[in-house]
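Below is one structure; the comments refer to it alone.
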Amino acid sequence: MLKPVICIFILGVLVFRAAGQTTPAPAPDNPLDCAFYLLGKDEGRFITEKLSLADYYRRVDRPEKALEVLERLDDGGWKSALQIEIAGDYEKKGKHERAVAIYKDVVAAEGFESAYKDRELAAALGALVALGHAADALGSITDENSPIDRAFGLLAIAEALNEKGDQTRAFEMLPGIVELAGKTEWKDLELLAKAKAGSLYLRAGRTKEAEALYAEVIKNAPAVKEVGNIFVDDLWKEIAGGYRAVKNFDRAIEVLSAYRQTNTLNSANLADRNLIEIYLETNRKEKVFELVDAGLAEDESYTAESAAEYALKLGDVETARSIYRRIEGVRDYADYTKIKLALALSDFYAKNGQTVEAVDILNQILKQVERIETDSPESGLMSTSPAMEKAGYLGQLAEKFTGLRNYAEAERIVRSIGKPYYRAAGLTALAVGRNDKISVKLLDQALEILRRTPDSLLDATKYRVWCKIAAAYAKTGQREKALAAFAELLGRDREIYDAGMETYLVQVLAESGYYFEISGLKPDNRIKSALQKIIKNWEEEKY
423 MLKPVICIFI LGVLVFRAAG QTTPAPAPDN PLDCAFYLLG KDEGRFITEK LSLADYYRRV
483 DRPEKALEVL ERLDDGGWKS ALQIEIAGDY EKKGKHERAV AIYKDVVAAE GFESAYKDRE
543 LAAALGALVA LGHAADALGS ITDENSPIDR AFGLLAIAEA LNEKGDQTRA FEMLPGIVEL
603 AGKTEWKDLE LLAKAKAGSL YLRAGRTKEA EALYAEVIKN APAVKEVGNI FVDDLWKEIA
663 GGYRAVKNFD RAIEVLSAYR QTNTLNSANL ADRNLIEIYL ETNRKEKVFE LVDAGLAEDE
723 SYTAESAAEY ALKLGDVETA RSIYRRIEGV RDYADYTKIK LALALSDFYA KNGQTVEAVD
783 ILNQILKQVE RIETDSPESG LMSTSPAMEK AGYLGQLAEK FTGLRNYAEA ERIVRSIGKP
843 YYRAAGLTAL AVGRNDKISV KLLDQALEIL RRTPDSLLDA TKYRVWCKIA AAYAKTGQRE
903 KALAAFAELL GRDREIYDAG METYLVQVLA ESGYYFEISG LKPDNRIKSA LQKIIKNWEE
963 EKY
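For the sequence shown, my numbering begins at 423 and goes up steadily by one.
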């Protein structure tokens, strides 16, 4: 029998040991949180994967978890861009106080160094103004910032005030902004700031001040070009955009025509794109066709593509169709521009209930796509060309036929696709589009393609299709099949790791977690067991 003193000693030791131990956190039971858990083990790596994970959390409406992920990253553009999106989501929900706090964090993190190119900083400052916190935005700019950085920060605030309807306050800021811009040694930045100030003057109806600033910018633009600075294009675009904003189209055309003659790297394309938009807005279609024909004569598609896209944006389908015919006249084969335009035209017709016209243009481009030769041997590389090119086009066309409820043609196209990855993806998209009893059969076939096709013929991104198949099962009411598919995917952790090491494993976990959550599924024992195995192998460095 133990003596009382010894018993007390043993009890004390046990209490001491228990006090020194912490209860382990419960293991995550869904893939998204499992990715979060694993990424938390290494603060210095997995930057891209953490950004992706944060975005997935945002998309499944778990914003605070997204922000928690972002806290593990150094400050920077991509991080700030996601923070701004999250703040915008809070705004839409009416949670303005939380949004303001995030915008302030972005401003503090970004600072004002190189403010001229900091889109995230400008967006956060503008959002603060829009939410009634102009004083906070202004207070973030101090004398410690360089004159040119202060100028661009104040420009962002002035532009936001103008958008909010407070033109008086915006106008009052402009003389100080111009003065600050003049204090920099960087001529290109000085001129860009003055051009932006000129545009604000123009919108405020102060044409005289605007014209004076614009004239100074145009006069000194050649000097900027001589040092090879890219901002010369921004100067001309800003001035032309200023005139467009106040509907002084003739003056905008004059500026763009002069800009086109500067022969900078981008001047012709950028000028033509803006000219086309103005000509379409002012119903000068003959000018549009002149520019399109000139571009096609040089075997250049950018102009035609831009013109057709903007015409459709304005609802001018006849002009877009005319441009398509012009491309058809010089190219009787499938190419990126033609297919992109054909799909856009089909979408336009479909939205307007013109099914016959939509199918007609799809059939036209389908004939040309089917003529693409694929002599290169099939491989798992997505870059295999022209096999990849043809498979990608066929997949897009099948999706459009599915949207038009022409399921028979969509399935015929999908089954003709050579690349297993695209064929499985096509069957999945068709199943989701049909959402009927046949859908389950199609999903079974898609999953079998991924299971049975040799790795040498499948790109590693097959796991994304796997996620989509599992989510599609859930969408069609097959929750058991969905859980089984997710569990099987997670059980292939070694295979996934071998396809792309640790980074790929956590990326697949995050992506599968996103699809798992939007499917509305609850983890069962198979899911939990697979995740526990992944965590154990990760912590014991068995991969």
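Note that beta-carbon positions come from the ideal geometry of N, C-alpha and C, so glycine has one too.
Residue from the options whose Cα sits closest to the Cα of residue i
i	options	result
Ala764	Asp721, Tyr815 and Met810	Tyr815
Thr590	Trp608, Arg695 and Tyr623	Tyr623
Ala521	Leu504, Leu635, Ser536 and Leu577	Leu504
Arg695	Asp715, Asn705, Ala726 and Arg748	Ala726
Asp782	Asp858, Ala573 and Tyr771	Tyr771
Leu553	Arg541, Glu585 and Gly533	Glu585
Pro453	Ala952, Glu486 and Phe823	Ala952
Leu819	Arg873, Tyr758 and Tyr936	Tyr758
Leu826	Lys859, Glu779 and Ala847	Glu779
Arg747	Glu660, Ala690, Ile835 and Ala730	Ala730
Lys762	Thr777, Ser723, Gln776 and Gly751	Ser723
Arg494	Arg484, Arg837 and Lys472	Lys472
Arg916	Leu635, Tyr965 and Leu943	Tyr965
Arg541	Ile918, Gly498 and Ala523	Gly498
Cut-off 6 Å between Cβ atoms - residues of its own chain near residue i, not counting five sequence neighbours on either side
i	result
Leu697	Leu678
Lys789	none
Ile563	Arg572 and Gly575
Asn932	Sequence inspection shows Ala at residue 932; the Asn mentioned does not correspond to that position. Contacts found: Ala457, Ser474, Leu475 and Tyr478.
Ala608	In the sequence as presented, Ala is not what sits at residue 608; that position holds Trp. So the list is empty, once near-sequence residues are dropped.
Arg948	Ala909
Ala559	Leu547, Leu550, Val551 and Ile579
Phe593	Ala626
Tyr665	Arg673 and Ala674
Pro945	Asp451 and Asn452
Thr629	none
Leu460	Val928 and Trp960
Val854	Ala894
Asp769	none
Tyr512	Arg520 and Ala521
Buried versus exposed call for residue i [16 or more other C-beta atoms within 10 Å across all chains shown]
i	result
Gly627	exposed
Tyr755	exposed
Lys669	exposed
Met923	exposed
Pro876	exposed
Tyr479	buried
Tyr538	buried
Lys884	buried
Thr898	buried
Leu577	buried
Thr444	For Thr444, the predicted structure reports a pLDDT of 43, less than 50, and the residue's modelled location is therefore unreliable. The matter cannot be settled from this model.
Gln929	buried
Asp858	exposed
Leu424	Only weak support is given to the placement of Leu424: the predicted model assigns it a pLDDT of 44, under 50, and the question is left unresolved by the model.
Arg874	exposed
Val752	exposed
Ala736	The displayed chain sequence assigns Leu, not Ala, to residue 736. So Leu736 counts as exposed.
Gly516	exposed
Lys760	buried
Arg837	exposed
Arg743	buried
Glu566	exposed
Ala557	exposed
Arg845	buried
Glu939	buried
Pro644	exposed
Cut-off 8 Å between Cβ atoms - residues of its own chain near residue i, not counting five sequence neighbours on either side
i	result
Lys707	Tyr701 and Thr741
Ala667	Ser621, Leu624 and Arg625
Glu612	Ile570, Ala603, Gly604 and Thr606
Ala907	Leu869, Trp888, Ile891, Ala892 and Tyr895
Glu703	Phe671 and Leu736
Ile599	Ala573, Leu576, Leu577, Ala580, Ala615 and Ala619
Proximal residues to residue i (C-beta, below 7 Å), its chain only, five neighbours per side dropped
i	result
Thr850	Leu865, Ala868, Val887, Lys890, Ile891 and Ala894
Ile794	Ala756, Pro808, Glu811 and Lys812
Thr796	Pro808, Ala809, Lys812 and Gly840
Ala832	Ala820, Phe823, Thr824 and Leu852
Val714	Thr725, Ala726, Ala729, Ile745 and Arg748
Phe468	Leu461, Thr925 and Val928
Any non-hydrogen atom of the ligand ATP closer than 7 Å to residue i Cβ
i	result
Ile563	Absent from the structure shown: the ligand ATP. Ligands present: none.
8 Å Cβ cutoff, residue i in contact with chain B
i	result
Tyr478	Here chain B cannot be found, since the structure has a single protein chain.
Taking 8 Å as the threshold, find out whether the region 617 to 626 comes into contact with the region 588 to 603 through three or more Cβ pairs. yes
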